[in-house]
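Position one of the sequence shown corresponds to residue 1 (full-length UniProt numbering), numbered consecutively onward. Cβ coordinates follow ideal geometry from the N, Cα and C atoms, glycine included. Computed from a prediction, not measured in an experiment: that's the story for all the values here. Read through the structure below, which is laid out as structure tokens, and then see the notes.
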Amino acid sequence: MEIDAIAAEHAKRLAAADALLPKPSPLNPEGGTRLTTRDGMALATRSRVEPGTPEALWRPLTEYRLDVRLGGTDPGAAFGSLLTEWDRLLEETEATDWDSAAVVTRPSRDTVGTGELLRRGFAPTRVLAVRPADRLASGPPAVPGVRIRQAEPSELATLVRLQLELRQYDAQFGLVTRREDEERAITDATRGLLADAGAAVPSLWIAELYGKPLGFVHVELPPAADWISGYVAVERAGYLASMHVAEEARSTGVGSALAAHVHQLFDEAGMDAVLLHHALASPRSTPFWYAQGYRPLWTSWYRRPAARG
């Protein structure tokens with residue numbers, strides 16, 4: 001098939017699968033390697049972050065990514081052929097340590113080629129979930145004993161502790177890698193958010209249970225959330241960067257109260273949708289967020305290390 005025909009069939013299939021998916025952009029071969037088969041094409045890229053940088057907190061140091069476009073009567077077979085070509089490229093690298101990953105991000109409702117990924121050792125690891133705006137007419141319901149308020153600079157240590165607890169838990173699922181300097185990096189980033197007094201909507205919120213701070217949430221509105229807006233077909237998107245409730249406050253309503261509060265903030269700010277990332281294997285995050293009205297939009301399949309060896 002011609003390249004334009006593959007791209008057109010790929011876009012048509014995605015539009016039919018999910019109305020919230022944006023139109024696929026053309027593959028730009030600059031900075032990557034273009035792969036083609038009879039009914040498919042892809043762009044293979046490599047990115048690296050250095051230890052000690054904020055980016056290293058949330059990803060492997062080296063990521064090899066494949067962005068695919070699939071057409072023809074058997075797009076699954078086309079996907080398999082592209083993955084085979086990509087594996088040949090990866091075999092020529094030194095990506096055999098745990099701090100490397102091969103990553104394929106696919107629209108969650110476009111399940112073409114799922115078996116091809118599983119046969120090559122990939123696992124669905126990370127989801128970008130979406131929640132269309134509710135436009136609540138009234139505030140969220142009150143939860144006995146729970147108070148949601150803006151975080152204060154004096155609570156830096158509490159916010160850092162809660163974020164470290166979240167990292168320790170999420171590291172079990174193969175997405176977060178613990179770093180020796182993570183406490184310093186999180187402290188610096190949190191201090192910067194707390195110092196941003198000019199924001200129309202605060203980024204950090206604390207949940208108190210009977211006066212004790214036991215949960216937090218970090219939100220991003222445009223322009224801070226512009227980096228994620230291209231993943232969803234709406235005009236204005238917000239991003240729920242992270243949320244955590246201490247173990248002692250689980251099943252008390254703190255998490256639901258935090259979620260309801262920030263959803264009202266997003267609705268009042270005119271967001272058409274809210275996005276968030278979560279670890280698919282987490283027995284806490286996945287059921288909780290989908291009970292709050294989210295659903296999978298993009299699923300990232302990981303293989304660590306990147307090369308099969």
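Answer yes or no: do residue i and residue j have a C-beta to C-beta separation smaller than 8 Å?
| i | j | result |
| --- | --- | --- |
| residue 298 | residue 128 | yes |
| residue 209 | residue 255 | no |
| residue 207 | residue 257 | yes |
| residue 265 | residue 232 | no |
| residue 22 | residue 238 | no |
| residue 2 | residue 35 | no |
| residue 291 | residue 173 | no |
| residue 101 | residue 303 | yes |
| residue 160 | residue 183 | yes |
| residue 121 | residue 79 | no |
| residue 87 | residue 60 | no |
With DSSP run on the structure shown, which of helix, strand or coil describes residue i?
| i | result |
| --- | --- |
| residue 175 | coil |
| residue 283 | coil |
| residue 17 | helix |
| residue 61 | coil |
| residue 98 | coil |
| residue 326 | Beyond the ends of the chain as shown, which are 1 and 309, falls residue 326; an answer cannot be given. |
| residue 75 | helix |
| residue 292 | coil |
| residue 158 | helix |
| residue 51 | coil |
| residue 153 | helix |
| residue 113 | coil |
| residue 250 | coil |
| residue 31 | coil |
| residue 84 | helix |
| residue 37 | coil |
| residue 137 | Model confidence at residue 137 stands at a pLDDT of 45, short of 50, so the residue's coordinates are unreliable; what they give is reported in the following sentence. Three-state DSSP puts residue 137 in coil, outside helix and strand. |
| residue 188 | helix |
| residue 9 | helix |
Would you list the residues sitting across from residue i in a DSSP beta bridge?
| i | result |
| --- | --- |
| residue 67 | 43 |
| residue 165 | Answer is none; residue 165 lacks a bridge partner. |
| residue 23 | Paired residue(s): none; residue 23 is not in a bridge. |
| residue 220 | 239 |
| residue 123 | 302 |
| residue 131 | 274 |
| residue 215 | 207, 245 |
| residue 107 | 298 |
| residue 148 | 207 |
For my contact list, residue i and residue j are in at a C-beta cut-off of 8 Å; report their separation, rounded to the angstrom.
| i | j | result |
| --- | --- | --- |
| residue 246 | residue 165 | 7 Å |
| residue 43 | residue 67 | 5 Å |
| residue 194 | residue 153 | 5 Å |
| residue 83 | residue 116 | 6 Å |
| residue 278 | residue 286 | 6 Å |
| residue 179 | residue 56 | 6 Å |
| residue 301 | residue 125 | 7 Å |
| residue 95 | residue 62 | 6 Å |
Near residue i, which residues of its chain fall below 7 Å by C-beta distance, leaving aside the five closest residues on each side in sequence?
| i | result |
| --- | --- |
| residue 10 | 24, 69, 70, 71 |
| residue 241 | 218, 219, 220 |
| residue 137 | In this predicted model, residue 137 has a pLDDT of only 45, less than 50, meaning its place in the structure is not dependable enough to derive any value. |
| residue 253 | 143, 146 |
| residue 123 | 301, 302 |
| residue 235 | 272 |
Just to confirm my understanding: we take residue i, look at its own chain, exclude 5 residues before and 5 after, and list those with CB closer than 6 Å. What are they?
| i | result |
| --- | --- |
| residue 65 | 45, 103 |
| residue 33 | 44 |
| residue 81 | 37 |
| residue 131 | 274, 293, 294 |
| residue 6 | 41, 69, 71 |
Between which residues of its own chain and residue i is the CB-CB distance below 8 Å, once the five residues before and five after are set aside?
| i | result |
| --- | --- |
| residue 163 | 186, 190, 216, 242, 244 |
| residue 18 | 107, 108, 109, 110, 297 |
| residue 29 | 43 |
Using a Cβ-based criterion (distance less than 7 Å to any ligand heavy atom), does residue i qualify as near the ligand SAM?
| i | result |
| --- | --- |
| residue 260 | Absent from the structure shown: the ligand SAM. Ligands present: none. |
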